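Asks: In the working numbering, each number is its position in the sequence shown, counted from 1, plus 386.
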Amino acid sequence: MDRLLWPRRWLAPLALLALLPAWAAAQRPVQESGEAQWIWRPGAGQAGGTAFFRKAFFIRQPVYGQIDITADQRYELYVNGRRVGSGGNWRVLDRHEIKPYLVSGRNVIAVRAEKPGAGPAGLVARVILRSAGGTFVSHSTDVTWRCTDRELPRWNGVNLDDSSWPGAVALGELGRTAPWHNNARPADGSAPGRFKLLANFHVERVVGPQQTGSLIAMAFDEWGNIIASREGGHPLLIEDRDSDGRWESVKRLNDKVKNCQGILPLNREVYVVGDGPEGAALYRLTDEDRDRDGVAETVEVMLKFKGGMGEHGPHALTLGPDGWIYVLIGNHAGLHSAPAATSPYRHSYEGDLIQPKYEDPGGHAVGIKAPGGVVARITLDGKHVETVAGGLRNPYDICFNRDGELFTYDSDMEWDEGAPWYRATRLMHVVPGGEYGWRSGWSKWPAYYHDSLPPLLETGRGSPTGLEVYDHTKFPAEYRGALFLCDWTLGRIFCIKAQPAYGTYKATSEVFLEGKPLNVTDLAVGPDGWLYFCTGGRGTEGGIYRVVYTGPIGPQPKLAGIGRAVRQPQFNSAFARDKIATVQEQMGKDWDRQLTNLVHDPDAQIADRV
Numbered sequence: 387m388d389r390l391l392w393p394r395r396w397l398a399p400l401a402l403l404a405l406l407p408a409w410a411a412a413q414r415p416v417q418e419s420g421e422a423q424w425i426w427r428p429g430a431g432q433a434g435g436t437a438f439f440r441k442a443f444f445i446r447q448p449v450y451g452q453i454d455i456t457a458d459q460r461y462e463l464y465v466n467g468r469r470v471g472s473g474g475n476w477r478v479l480d481r482h483e484i485k486p487y488l489v490s491g492r493n494v495i496a497v498r499a500e501k502p503g504a505g506p507a508g509l510v511a512r513v514i515l516r517s518a519g520g521t522f523v524s525h526s527t528d529v530t531w532r533c534t535d536r537e538l539p540r541w542n543g544v545n546l547d548d549s550s551w552p553g554a555v556a557l558g559e560l561g562r563t564a565p566w567h568n569n570a571r572p573a574d575g576s577a578p579g580r581f582k583l584l585a586n587f588h589v590e591r592v593v594g595p596q597q598t599g600s601l602i603a604m605a606f607d608e609w610g611n612i613i614a615s616r617e618g619g620h621p622l623l624i625e626d627r628d629s630d631g632r633w634e635s636v637k638r639l640n641d642k643v644k645n646c647q648g649i650l651p652l653n654r655e656v657y658v659v660g661d662g663p664e665g666a667a668l669y670r671l672t673d674e675d676r677d678r679d680g681v682a683e684t685v686e687v688m689l690k691f692k693g694g695m696g697e698h699g700p701h702a703l704t705l706g707p708d709g710w711i712y713v714l715i716g717n718h719a720g721l722h723s724a725p726a727a728t729s730p731y732r733h734s735y736e737g738d739l740i741q742p743k744y745e746d747p748g749g750h751a752v753g754i755k756a757p758g759g760v761v762a763r764i765t766l767d768g769k770h771v772e773t774v775a776g777g778l779r780n781p782y783d784i785c786f787n788r789d790g791e792l793f794t795y796d797s798d799m800e801w802d803e804g805a806p807w808y809r810a811t812r813l814m815h816v817v818p819g820g821e822y823g824w825r826s827g828w829s830k831w832p833a834y835y836h837d838s839l840p841p842l843l844e845t846g847r848g849s850p851t852g853l854e855v856y857d858h859t860k861f862p863a864e865y866r867g868a869l870f871l872c873d874w875t876l877g878r879i880f881c882i883k884a885q886p887a888y889g890t891y892k893a894t895s896e897v898f899l900e901g902k903p904l905n906v907t908d909l910a911v912g913p914d915g916w917l918y919f920c921t922g923g924r925g926t927e928g929g930i931y932r933v934v935y936t937g938p939i940g941p942q943p944k945l946a947g948i949g950r951a952v953r954q955p956q957f958n959s960a961f962a963r964d965k966i967a968t969v970q971e972q973m974g975k976d977w978d979r980q981l982t983n984l985v986h987d988p989d990a991q992i993a994d995r996v
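Below, the structure written as structure tokens:
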């Protein structure tokens with residue numbers, strides 16, 4: 387019979403069906419990182435010769451364009467039929483600024499590459515673009531580039547129909563492919579990689595864009611599978627069936643909900659915030675026949691929202707230490723029904739600083755009143771709903787740390803930059819009843835006002851997306867308990883280290899990872915202890931990556947008895963809850979005794995007792 391253990395504190399193991407199969411850690415490292423590919427025309431073998439390549443794409447209001455390119459042995463580069471440059475040394479990645487050649491709309495990059503005589507031939511180009519108000523996107527060389535060995539009239543122009551051209555053959559990633567290996571580098575000697583991150587950390591791509599599409603959210607389930615949300619599409623179940631570190635199976639989890647911006651696997655069910663049979667809502671997806679076929683057939687609405695599933699609508703959800711599901715709602719949406727009178731946050735007011743109120747002249751958020759964005763929570767049976775905190779703008783994700791404290795990463799209004807009422811992106815420590823002072827137009831409350839709680843940290847301009855606490859053991863000890871914050875616009879992942887201070891926290895930040903592009907939308911720690919993130923949003927290229935650490939980490943903790951439960955890595959994850967339930971089953975009657983003794987042991991660590 388299934389047994390559920392609903393949490394009252396982090397100490398009490400979170401609900402799980404007992405004896406579910408444990409996830410086996412990946413053994414074989416994945417080498418691909420999403421870098422540009424060496425390519426050549428199909429069927430060429432070692433013949434070399436001449437090849438003509440084209441890549442068409444659309445961009446609106448281009449503000450940045452750069453190509454790093456080389457070929458074995460010579461190349462000529464064109465953009466929209468105009469010659470940009472040429473090169474003949476495959477050991478040097480030539481850099482070309484192409485913004486002056488780009489137009490708003492359809493563009494074409496075309497390359498003539500030549501290899502006289504026999505021997506390996508190849509072309510590689512890292513193409514990075516950005517549109518006004520957007521993030522960096524890549525159109526680097528891969529199998530989506532088209533190629534031919536025939537020089538047709540106006541082959542490098544925009545209007546040529548290249549639909550009959552075959553796709554290029556991928557020979558391998560830049561920096562990792564024989565015979566070129568890591569010899570092709572920028573002329574200034576800098577590292578050629580797509581990503582920049584701290585020493586001993588490396589990025590690996592585990593699922594490519596052709597399999598995933600543009601992704602906007604992700605989470606791990608009890609068995610270590612990835613549940614991901616395709617932008618505008620249905621949720622996906624991504625499985626590593628042979629535990630080799632490669633997620634080879636990608637299929638639809640459910641066909642009744644879509645555009646899910648929050649995912650919570652819990653008790654063999656999946657809770658999602660998305661568009662479904664009853665509009666924007668929190669839905670519970672269930673594999674009713676329990677056959678683990680990867681299809682959740684049953685859809686049940688738990689909580690309805692007004693305002694729809696836009697970029698400022700309902701977003702992430704997580705399980706709280708009190709056993710409630712916490713839901714984050716942006717400032718253009720709200721609860722469909724009034725929350726309970728027991729809500730910690732139940733009184734809000736505009737509190738305009740200066741009258742008459744000055745709204746955004748562009749019309750953004752005009753007429754939206756307090757409380758703006760809120761954190762709500764709902765019981766697992768869906769019968770009780772409360773608001774926890776308000777006065778937020780549009781944070782996308784929330785998470786609890788091991789101490790049961792809640793955090794979110796709120797967005798700025800980039801149009802306000804330079805104005806006295808501009809508020810930068812900010813990390814917030816969310817407390818029950820907390821008011822954080824967002825109001826429309828110029829009416830935002832200053833952080834020093836007593837009626838508004840200040841941020842822990844400001845991170846300047848950006849577009850906050852995913853948020854995760856690292857509570858595993860595969861990274862060095864200094865990262866355990868750290869918060870990782872995603873910035874979609876500027877392509878960054880911050881590492882925030884917070885220490886308790888003055889009833890809240892004192893935080894410091896560093897850029898942990900940045901990339902061109904790094905259109906990161908969400909992140910989650912996997913059962914193997916690595917930090918996974920997904921990319922996509924606004925139609926940009928998707929995929930799933932992981933950050934691994936290859937340096938020394940010191941001795942790993944050896945857990946025994948009740949310690950296998952209370953010190954379980956990544957405590958608030960579905961796979962950790964599964965392992966805790968298994969420990970409880972194995973301990974039998976000794977579970978209650980050891981748990982009680984731990985709580986009353988004055989010599990035990992506070993983190994284990996509380």
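Here a beta-carbon is modelled for each residue, glycine too, at the ideal position from N, C-alpha and C. These numbers come from a predicted model, not from an experiment.
Across which residues does DSSP place Asn-493 in a beta bridge pair?
Replies: What you label residue 493 is simply residue 107 of the sequence shown in a count that begins at 1. Phe-443, per the DSSP bridge assignment.
Asks: Grab me the residues of Tyr-450's own chain with a C-beta within less than 7 Å of its C-beta, minus the 5 sequence neighbours each way, in chain order.
Replies: The count along the sequence shown starts at 1 and reaches residue 450 at position 64. Closer than 7 Å at the Cβ level, and outside the excluded window around Tyr-450, lie Lys-485, Leu-515, Arg-516.
Asks: So, Leu-813 versus Leu-899, is the Cβ gap smaller than 8 Å?
Replies: Position 427 of the sequence shown, counted from the first residue, corresponds to residue 813. Position 513 of the sequence shown, counted from the first residue, corresponds to residue 899. No, the Cβ-Cβ distance between Leu-813 and Leu-899 is not below 8 Å.
Asks: Report yes if the C-beta distance between Gly-662 and Ile-715 is below 8 Å; otherwise report no.
Replies: Stepping through the sequence shown from its first residue, residue 662 is reached at position 276. Stepping through the sequence shown from its first residue, residue 715 is reached at position 329. In this structure, Ile-715 does not lie closer than 8 Å to Gly-662 by Cβ.
Asks: In the DSSP assignment, find the unbroken alpha helix (DSSP H) run with Glu-971 in it and report its ends.
Replies: Numbered from 1 along the sequence shown, position 585 holds the residue referred to as residue 971. That run of the alpha helix (DSSP H) goes 960-973.
Asks: Does the count of Cβ pairs from the stretch 843-863 and the stretch 754-771 closer than 8 Å reach three?
Replies: No contact exists between the stretch 843-863 and the stretch 754-771.
Asks: Considering only their Cβ atoms, is the gap separating Ser-615 from Ile-602 smaller than 8 Å?
Replies: Counting from 1 along the sequence shown, the entry for residue 602 is found at position 216. Counting from 1 along the sequence shown, the entry for residue 615 is found at position 229. Yes. Within cutoff.
Asks: Looking at Gly-848: is its Cβ nearer than 8 Å to the Cβ of Glu-617?
Replies: Taking the sequence shown and counting its residues from 1, the one referred to as residue 848 is at position 462. Taking the sequence shown and counting its residues from 1, the one referred to as residue 617 is at position 231. Not closer than 8 Å, so no.
Asks: Quick check: the Cα distance between Pro-621 and Arg-591, rounded to an integer number of angstroms?
Replies: As a working note, residue 621 is residue 235 in the sequence shown. As a working note, residue 591 is residue 205 in the sequence shown. Approximately 20 Å, taken between the alpha carbons.
Asks: Apply the 10 Å Cβ neighbour rule to Leu-689 and answer buried if 16 or more other Cβ atoms are within range, or exposed otherwise.
Replies: Translated into the one-based positions of the sequence shown, residue 689 becomes position 303. Buried: at least 16 other Cβ atoms inside 10 Å.
Asks: Using the Cα positions of Leu-488 and Gly-776, report the straight-line distance between them to the nearest angstrom.
Replies: To locate residue 488, count along the sequence shown from 1; it is residue 102. To locate residue 776, count along the sequence shown from 1; it is residue 390. Near 44 Å, if we compare the C-alpha coordinates of Gly-776 and Leu-488.
Asks: Quick check on the DSSP output: what are the complete beta strand (DSSP E) runs of length 3 or more inside the stretch 680-752, in order along the chain?
Replies: Counting only runs of 3 or more, we get 684-692, 700-705, 711-715.
Asks: Can you check the stretch 471-546 for any alpha helix (DSSP H) of at least 4 residues that lies completely inside it and give the ranges in chain order?
Replies: Those alpha helix (DSSP H) runs which fall completely within the stretch 471-546 and span 4+ residues do not exist here.
Asks: Buried or exposed: which applies to Phe-606, given that a residue is buried once 16 or more other Cβ atoms fall within 10 Å of its Cβ?
Replies: Counted from its first residue, the sequence shown places residue 606 at position 220. It is buried - the Cβ of Phe-606 has at least 16 other Cβ atoms within 10 Å.
Asks: Does the stretch 431-446 come close enough to the stretch 546-553 that 3 or more CB-CB pairs lie under 8 Å?
Replies: The stretch 546-553, when compared against the stretch 431-446, does touch it at the 8 Å Cβ threshold.
Asks: Assuming Thr-936 contacts His-588 (C-beta within less than 8 Å), just tell me the rounded distance between them.
Replies: Here the question's residue 936 lines up with position 550 in the sequence shown. Here the question's residue 588 lines up with position 202 in the sequence shown. Yes, they are in contact, since the Cβ atoms of Thr-936 and His-588 sit about 6 Å apart, within 8 Å.
Asks: Would you decide whether Thr-728 is buried or exposed? Buried here means 16 or more other CB atoms lie within 10 Å of its CB.
Replies: Locating residue 728 in the sequence shown gives position 342, where the first residue counts as 1. Exposed.
Asks: Which residues in the same chain as Asp-738 place their Cβ atom closer than 8 Å to its Cβ, once the five residues preceding and following it in sequence are excluded?
Replies: For the purposes of this step, residue 738 is taken as residue 352 along the sequence shown, with counting starting at 1. Only Arg-825, Ser-829 meet the Cβ criterion.
Asks: Going by CA-CA distance only, name the one from Val-478, Ile-495, Gly-543 that's closest to Gly-561.
Replies: Residue 561 sits at position 175 when you count from the first residue of the sequence shown. When only C-alpha atoms are compared, the closest one is Val-478.
Asks: What does a CB cutoff of less than 8 Å around Lys-692 pick up in its chain, not counting 5 residues either side in sequence?
Replies: As a first step, residue 692 must be located in the sequence shown, where it is residue number 306. Counting only Cβ-Cβ distances below 8 Å, and skipping sequence neighbours, we find Ala-666, Ala-719, Gly-720, Leu-721, His-722.
Asks: Rounded to a whole number of angstroms, what is the C-alpha to C-alpha distance between Leu-703 and Ile-649?
Replies: As a position in the sequence shown, residue 703 is number 317, starting the count at 1. As a position in the sequence shown, residue 649 is number 263, starting the count at 1. Looking at the two C-alpha atoms, the distance is approximately 6 Å.
Asks: If you draw a straight line from the alpha carbon of Asn-905 to that of Gly-505, how long is it in whole angstroms?
Replies: Along the sequence shown, read from residue 1 onward, the residue named residue 905 stands at position 519. Along the sequence shown, read from residue 1 onward, the residue named residue 505 stands at position 119. Roughly 37 Å between the two C-alpha positions.
Asks: Taking the alpha carbon of Arg-670 as the point to measure from, which residue in Val-681, Glu-664, Gly-680, Val-658 has its own alpha carbon closest?
Replies: The sequence position of residue 670 within the sequence shown is 284, counting from 1. Taking only the C-alpha atoms, the option nearest Arg-670 is Val-658.
Asks: On the premise that Tyr-712 lies in contact with Val-774, defined as a C-beta separation below 8 Å, what is that separation, rounded to the nearest angstrom?
Replies: Here residue 774 refers to the residue found at position 388 of the sequence shown. Here residue 712 refers to the residue found at position 326 of the sequence shown. Contact flag correct, Cβ pair sits at about 7 Å.
Asks: Using the beta-carbon count (16 or more within 10 Å), is Glu-421 buried or exposed?
Replies: In the sequence shown, the residue the question calls residue 421 occupies position 35. Buried, because 16 or more other Cβ atoms sit within 10 Å of the Cβ of Glu-421.
Asks: State buried or exposed for Asn-958, treating a residue as buried only when at least 16 other CB atoms are found within 10 Å of its CB.
Replies: As a working mapping, residue 958 is identified with position 572 in the sequence shown. Result: buried.
Asks: If you follow the alpha helix (DSSP H) that Arg-932 is in, where does it begin and where does it stop?
Replies: Translated into the one-based positions of the sequence shown, residue 932 becomes position 546. From DSSP, Arg-932 is part of no alpha helix (DSSP H) but of the beta strand (DSSP E) over 929-935.
Asks: Are the beta-carbon atoms belonging to Tyr-795 and Pro-818 less than 8 Å from one another?
Replies: The count along the sequence shown starts at 1 and reaches residue 795 at position 409. The count along the sequence shown starts at 1 and reaches residue 818 at position 432. In this structure, Pro-818 does not lie closer than 8 Å to Tyr-795 by Cβ.
Asks: With Gln-980 as the anchor, note down where its alpha helix (DSSP H) starts and where it stops.
Replies: Your numbering for residue 980 matches position 594 in the sequence shown. Per DSSP, Gln-980 belongs to the alpha helix (DSSP H) from 976-986.
Asks: At what residues does the beta strand (DSSP E) containing Val-952 begin and finish?
Replies: In the sequence shown, residue 952 corresponds to position 566, counting from 1. Where Val-952 is concerned, there is no enclosing beta strand (DSSP E), although the alpha helix (DSSP H) it sits in stretches over 949-952.
Asks: Between Lys-902 and Arg-580, how many whole angstroms is the CB-CB distance? I'm expecting something under 8 Å.
Replies: In the sequence shown, counting from the first residue as 1, residue 902 sits at position 516. In the sequence shown, counting from the first residue as 1, residue 580 sits at position 194. About 7 Å; that satisfies the 8 Å criterion.
Asks: Would you say Ala-682 and Asn-640 are within 8 Å of each other, going by their C-beta atoms?
Replies: Here the question's residue 682 lines up with position 296 in the sequence shown. Here the question's residue 640 lines up with position 254 in the sequence shown. Cβ atoms of Ala-682 and Asn-640: closer than 8 Å.
Asks: Going by DSSP in three states, Asp-458 sits in which element: helix, strand or coil?
Replies: Along the sequence shown, read from residue 1 onward, the residue named residue 458 stands at position 72. Reduced to three states, the DSSP call for Asp-458 is strand.
Asks: Under the rule that 16 or more other beta-carbon atoms within 10 Å means buried, what is Asp-454, buried or exposed?
Replies: Reading the sequence shown from its first residue, position 68 is the one you call residue 454. Counting Cβ neighbours within 10 Å, Asp-454 comes out buried, since at least 16 surround it.
Asks: Beta-carbon separation of Phe-961 and Glu-608 under 8 Å?
Replies: The residue labelled residue 961 in the question sits at position 575 within the sequence shown. The residue labelled residue 608 in the question sits at position 222 within the sequence shown. Yes, the pair counts as a contact, with Cβ atoms nearer than the cut-off.
Asks: What is the residue span of the beta strand (DSSP E) that Thr-890 lies within?
Replies: If you number the sequence shown from 1, residue 890 lands on position 504. Start and end: 890-901.
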